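Since the structure comes first, as structure tokens, the remarks are kept for the end.
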Ligand SMILES: [Zn+2]
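Residue numbers (the numbering used here): 320 to 738.
If you want it as structure tokens, here you go:
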């Protein structure tokens, strides 16, 4: 099938601004070329995207498809069958797609459910975002989100843990290098797993051609993960100048996930979060803002991730993370890159995805208003094309979409920005 998508305004995911009056020529699932509207070969079917602003399909580099975004998603998951969790995860992937996110990187969940969804989407059994999956994270005994972690102690067990996940077919490895805000007794500043253990995780993953994403909120955990050679730092709240410079030099990505910390600190009480959760979020939220400052100052590569599925983050909400990034100081252009071409690099799929260029897989979306002017334009996605196929048009793709209006910026901003 040959389709020419006509657009007045095309952001290709690389250059700041729009190409005017061009057609994206798509054959089967790939972009063949981008040419002037008057030069379209006669054997192409025309699909006019009108005045929509067309941009690459978005990425969310940090989701948990097995979680449903309620106040205690772990509790829900632990009290239902694996089969129901898998069905739930499939629906989450579908909703995510309808919000313009054509690719997600799932950084933790039951591997059986997540890999089943990944494969079902890839085989077009179901519709949904493309899934790049970590399966179950590698953690120390009792470590962060131990409810679905592979608990390992010592380098030998760490090696076995990674090999087990690779055997199941995961696309990347997730490792927990510090505590977090979810558990009652864990602390964000607490390092988890030793450098030696994380190094073994990285060695095994890299040997198999897989990247390693490290959950690391506290300084020591971040430093351990960097020393071990991980590819992305998730959260990174309490990094300092020295670490920021090192990440920029090594071009290690940060995925700040501002959303969970911002939501908990600003709206945790009204949502009924436990006190310890709110307290810890408030303690590390200014760190998230510092991360954006470091990104601006030193050039740490940044990719957008939401922690969607986690408490009160409905799936498909990458726009909220982008709004927070802009609130913290990124330009709309930088924010857009973090969810398109830079996100693809963080996931190691930049040769196939992340931009609208000849040879790439044909993933792009259309929105009515200009996201360069206001990033919130991405809250209303009109059209979604994934692998050359229209998944949503004129805002119509399904009856029910997740309501993102619950995600807002605080009325009384609790953030103390410290630099
Ligand atoms: Zn997470």
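Note that CB positions come from ideal geometry on N, CA and C, so glycine has one too.
Treat the numbers as computed from the prediction; the structure is a model and nothing was measured.
Taking all protein chains shown into account, do 16 or more other C-beta atoms lie within 10 angstroms of the C-beta of residue i, making it buried, or fewer, making it exposed?
| i | result |
| --- | --- |
| residue 332 | buried |
| residue 369 | exposed |
| residue 493 | buried |
| residue 360 | exposed |
| residue 487 | exposed |
| residue 365 | exposed |
| residue 527 | exposed |
| residue 693 | exposed |
| residue 670 | exposed |
| residue 475 | exposed |
| residue 709 | exposed |
| residue 724 | exposed |
| residue 616 | exposed |
| residue 399 | exposed |
| residue 417 | buried |
| residue 609 | buried |
Between the Cα of residue i and those of the options, spot the shortest distance and give me the residue it belongs to.
| i | options | result |
| --- | --- | --- |
| residue 323 | 414, 330, 357 | 357 |
| residue 625 | 380, 708, 669, 499 | 380 |
| residue 618 | 631, 588, 572, 417 | 572 |
| residue 703 | 371, 400, 342, 419 | 419 |
| residue 548 | 585, 630, 530 | 530 |
| residue 514 | 541, 525, 526, 499 | 541 |
| residue 563 | 577, 607, 711, 686 | 607 |
| residue 578 | 482, 552, 727 | 727 |
| residue 371 | 450, 539, 712, 576 | 712 |
| residue 351 | 589, 680, 374, 722 | 680 |
| residue 445 | 407, 429, 426 | 407 |
| residue 676 | 416, 646, 499, 659 | 659 |
| residue 435 | 466, 402, 457, 709 | 402 |
| residue 464 | 437, 609, 710, 386 | 386 |
| residue 646 | 581, 633, 668 | 581 |
| residue 496 | 705, 516, 329, 416 | 516 |
| residue 498 | 583, 458, 576, 532 | 458 |
| residue 348 | 721, 551, 525, 678 | 678 |
| residue 450 | 353, 411, 367, 354 | 411 |
| residue 705 | 438, 668, 448, 550 | 448 |
Alpha carbon to alpha carbon, how far is residue j from residue i? Give it in angstroms, no decimals.
| i | j | result |
| --- | --- | --- |
| residue 321 | residue 663 | 26 Å |
| residue 666 | residue 424 | 7 Å |
| residue 519 | residue 477 | 7 Å |
| residue 682 | residue 473 | 42 Å |
| residue 454 | residue 338 | 39 Å |
| residue 611 | residue 654 | 11 Å |
| residue 441 | residue 363 | 26 Å |
| residue 567 | residue 561 | 10 Å |
| residue 621 | residue 336 | 20 Å |
| residue 707 | residue 543 | 42 Å |
| residue 591 | residue 390 | 8 Å |
| residue 613 | residue 523 | 30 Å |
| residue 672 | residue 593 | 40 Å |
| residue 809 | residue 460 | Residue 809 falls outside the range modelled here, since the chain spans only 320 to 738, and no answer is possible. |
| residue 697 | residue 690 | 6 Å |
| residue 413 | residue 546 | 38 Å |
| residue 501 | residue 404 | 20 Å |
| residue 585 | residue 383 | 22 Å |
| residue 603 | residue 555 | 10 Å |
| residue 489 | residue 374 | 29 Å |
| residue 343 | residue 326 | 8 Å |
| residue 491 | residue 452 | 6 Å |
| residue 715 | residue 701 | 7 Å |
| residue 687 | residue 471 | 49 Å |
| residue 377 | residue 574 | 15 Å |
| residue 731 | residue 699 | With a pLDDT of only 44 at residue 731, under 50, the local geometry of the prediction cannot be trusted, and no value is derived from it. |
| residue 512 | residue 388 | 28 Å |
| residue 456 | residue 355 | 47 Å |
| residue 334 | residue 353 | 14 Å |
Would the C-beta of residue i count as close to ligand 2, meaning under 8 Å from any of its heavy atoms?
| i | result |
| --- | --- |
| residue 344 | Inclusion of ligand 2 in the displayed structure is not the case, the ligand content consisting of ligand 1 alone. |
(request) Can you list the residues near ligand 1, meaning Cβ strictly closer than 7 Å to any non-hydrogen atom, in the order they appear in the chain? (result) 381, 383, 426, 427, 534, 553, 576, 626, 629
(message) Using 8 Å as the cut-off, can you tell me whether the region 502–515 makes contact with the region 598–612, which would need three or more C-beta pairs spanning the two stretches below that distance?
(response) yes
(message) Check whether the region 635–652 and the region 392–402 are in contact - that is, three or more C-beta pairs closer than 8 Å.
(response) no
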